[in-house]
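Q:
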Amino acid sequence: MEKTKVILDCDTGSDDAVAIMLAILSDKLELLGVSTVAGNKEINFTTDNTLRVIELLGSKAPVYRGCHTSMVTKIAPGRRGGYNGMTGVSEFNVDAKGNIIQYHNDCLPIAEAKTKEKKEHAVFWLIDTLMRSEGDIVLVPTGPLTNIAMALRLEPAIAGKIKELVFMGGGFKVFNSTSCAEFNIWADPEAAQIVLTSGIEKITMVPLDATHSANFSREDAKELRDYGTELCRVVADLIDERVTAYDAYQPQNPLGTAPLHDALALAYVFDREVLRDVKLMRVDVDCGGGFADGSTLCDTRAYPDRELNCYVALDADRERFVKLTKELLKSFK
Ligand code: BDR
Ligand code: CA
């Protein structure tokens, strides 16, 4: 069976980390490389974390450092009022030991990597790799879409070379950074709008509505921890950390569970059944700088007045996703 060629573009982060792991472990995928972007953390951390994950798995996938800030949002004064680097959190909670509860620590609980990132900038690597390809690469962005939009601006022809783009981001009825925006899109709304209107043949958005339907629990973390391998221990730590943060800032139903958003988007590339209720819509991003800034506007009318441009997943198969994730993680000794 021919493997699907995939490139991940990540702001690694706890859930991006699991997406990278699945991309390496799935025998249905060939991971061509990972580009990094600022988002969950600043670019030094997201790049360093990416290298740690890749080395932990003994993979040779190259890592390319990308954009350290969004395209234009930070030029508009006041636009990002209240932003403190933590999805929709204006006041931190602390745990019993007085430590700040966070979704993502600066560094993942993995040994520092010896390997370094490649010298070439991620945006140029993306353009080069896509232009030389036979149009057979699936692109999976799991952070702000800055690198992809920059690449599209520099070389619009890459749009015709991307077989499919599956991104984690946006919300249909579920939001986190603001009352109507999800973090990856809110962190760089212009970039998201550029990608959505680029003419890429097939774009699939994996919004919070889907990712919050496929949460992991503390029991899942325990099962992985008990399995005893280093990789399963790392993911158990990440799940526990995320559950603590979600309980503190975005309590889920049931309590004691948390999404691994980015891993779900990646899993969809090799298992189409993990997403449910996937509908073709017209999606645009509000870039107005007001209350709706970074909101994904999904047109559900019978006769939208703009071309349909994006498949939107409204639900996910939790059992299937959790099972396949655990199986793949356990397959690595
Ligand atoms: C998205 O934002 C980040 O915190 C996560 O890594 C995920 O990509 C969820 O809103
Ligand atoms: Ca992410």
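Take the position in the sequence shown, starting the count at 1, then add 3; the result is the number in this note's numbering.
In this text, a Cβ means the ideal position worked out from N, Cα and C, and glycines have one as well.
1. Exposed or buried, which one is P254 when buried takes at least 16 other CB atoms within 10 Å?
2. According to the Cβ coordinates, are T145 and D274 closer than 8 Å?
3. Would you kindly work out how many angstroms separate the C-alpha atoms of K44 and T149, rounded to a whole number?
4. For L211, which option in K31, L278, H124, V97 has the closest C-alpha, if you only look at C-alpha atoms?
5. Is S62 closer than 8 Å to I27 when the C-beta atoms are compared?
6. Taking the C-alpha atoms as reference points, what is the distance between L199 and G231?
7. Leaving aside the five residues before and after L283 along the sequence, list all residues of the same chain whose C-beta is less than 7 Å from its C-beta, in chain order.
8. Step through the CB atoms of chain D and report whether any lies within less than 8 Å of the CB of K333.
9. Measuring straight from C-alpha to C-alpha, what distance separates D19 and A305?
10. Given 7 Å as the limit, tell me if D19 has its C-beta closer than that to any heavy atom belonging to ligand 2.
11. DSSP three-state label for L227, please.
12. State the Cα-Cα distance for the pair P257 and L269, rounded to the nearest angstrom.
13. Determine the DSSP secondary structure at Y271, reduced to helix, strand or coil.
14. Is it the case that the Cβ atoms of D223 and K8 are separated by a distance below 8 Å?
15. Identify every residue that forms a DSSP beta bridge with E282.
16. From L133 to I165, what does the alpha carbon distance come to, in whole angstroms?
17. Measuring only from the beta carbon, is L337 closer than 7 Å to any heavy atom that is part of ligand 1?
18. Check D250 in the structure and name its three-state DSSP category.
19. What number of angstroms, rounded off, separates the C-alpha of T50 from the C-alpha of G291?
20. What is the DSSP secondary structure of I165, reduced to helix, strand or coil?
21. So, is F294 buried or exposed, given that buried needs 16 or more other C-beta atoms within 10 angstroms?
22. Ignore the nearest five residues each way along the sequence and tell me which others in A99's own chain have a CB closer than 8 Å to its CB.
23. With DSSP as the reference, please indicate the residues paired to G36 in a beta bridge.
A: The answer reads as follows:
1. Reading the sequence shown from its first residue, position 251 is the one you call residue 254. Exposed, by the Cβ-count rule.
2. Taking the first residue of the sequence shown as position 1, residue 145 is located at position 142. Taking the first residue of the sequence shown as position 1, residue 274 is located at position 271. Not a contact, by the Cβ cut-off of 8 Å.
3. Numbered from its first residue, the sequence shown carries residue 44 at position 41. Numbered from its first residue, the sequence shown carries residue 149 at position 146. Looking at the two C-alpha atoms, the distance is approximately 14 Å.
4. Walking along the sequence shown from the start, residue 211 turns up at place 208. The candidate whose alpha carbon is nearest that of L211 is L278.
5. In the sequence shown, counting from the first residue as 1, residue 27 sits at position 24. In the sequence shown, counting from the first residue as 1, residue 62 sits at position 59. Going by C-beta atoms, I27 is nearer than 8 Å to S62.
6. Within the sequence shown, numbered from 1, the residue matching residue 199 stands at position 196. Within the sequence shown, numbered from 1, the residue matching residue 231 stands at position 228. So the alpha carbons of these two residues sit roughly 42 Å apart.
7. Taking the first residue of the sequence shown as position 1, residue 283 is located at position 280. Within the same chain, L283 has close Cβ partners L311, Y314.
8. The chain inventory of the structure shown lacks chain D, comprising one protein chain alone.
9. Here residue 19 refers to the residue found at position 16 of the sequence shown. Here residue 305 refers to the residue found at position 302 of the sequence shown. Cα to Cα, D19 sits roughly 35 Å from A305.
10. By 1-based counting over the sequence shown, the position of residue 19 is 16. Within the cutoff, so yes.
11. Stepping through the sequence shown from its first residue, residue 227 is reached at position 224. If DSSP states are grouped into helix, strand and coil, L227 belongs with the helices.
12. To locate residue 257, count along the sequence shown from 1; it is residue 254. To locate residue 269, count along the sequence shown from 1; it is residue 266. Going from the Cα of P257 to the Cα of L269 covers about 24 Å.
13. By one-based count along the sequence shown, residue 271 stands at place 268. In this structure, Y271 counts as helix in the three-state DSSP scheme.
14. To locate residue 223, count along the sequence shown from 1; it is residue 220. To locate residue 8, count along the sequence shown from 1; it is residue 5. Result no, Cβ atoms of D223 and K8 do not sit closer than 8 Å.
15. Taking the sequence shown and counting its residues from 1, one reaches residue 282 at position 279. Here residue 282 turns out to be Lys, not Glu, going by the sequence shown. BP columns for K282 point to V315.
16. Locating residue 133 in the sequence shown gives position 130, counting from the first residue. Locating residue 165 in the sequence shown gives position 162, counting from the first residue. If I take the Cα positions, the gap works out to 7 Å.
17. Coverage of the chain is limited to positions 4 through 336, which leaves residue 337 absent and any answer about it impossible.
18. Residue mapping note: residue 250 aligns to position 247 of the sequence shown, counting from 1. In the structure shown, D250 sits in a helix (DSSP, three-state: H, G or I).
19. What you label residue 50 is simply residue 47 of the sequence shown in a count that begins at 1. What you label residue 291 is simply residue 288 of the sequence shown in a count that begins at 1. Approximately 30 Å between the Cα atoms of the pair.
20. Position 162 of the sequence shown, counted from the start, is the residue given in the question as residue 165. Strand at I165.
21. On the sequence shown, residue 294 is found 291 positions in, with the first residue counted as 1. Looking at its Cβ environment, which holds fewer than 16 other Cβ atoms inside 10 Å, F294 is exposed.
22. The residue labelled residue 99 in the question sits at position 96 within the sequence shown. Same-chain partners within the cutoff: there are none.
23. The count along the sequence shown starts at 1 and reaches residue 36 at position 33. Paired residues: I10.
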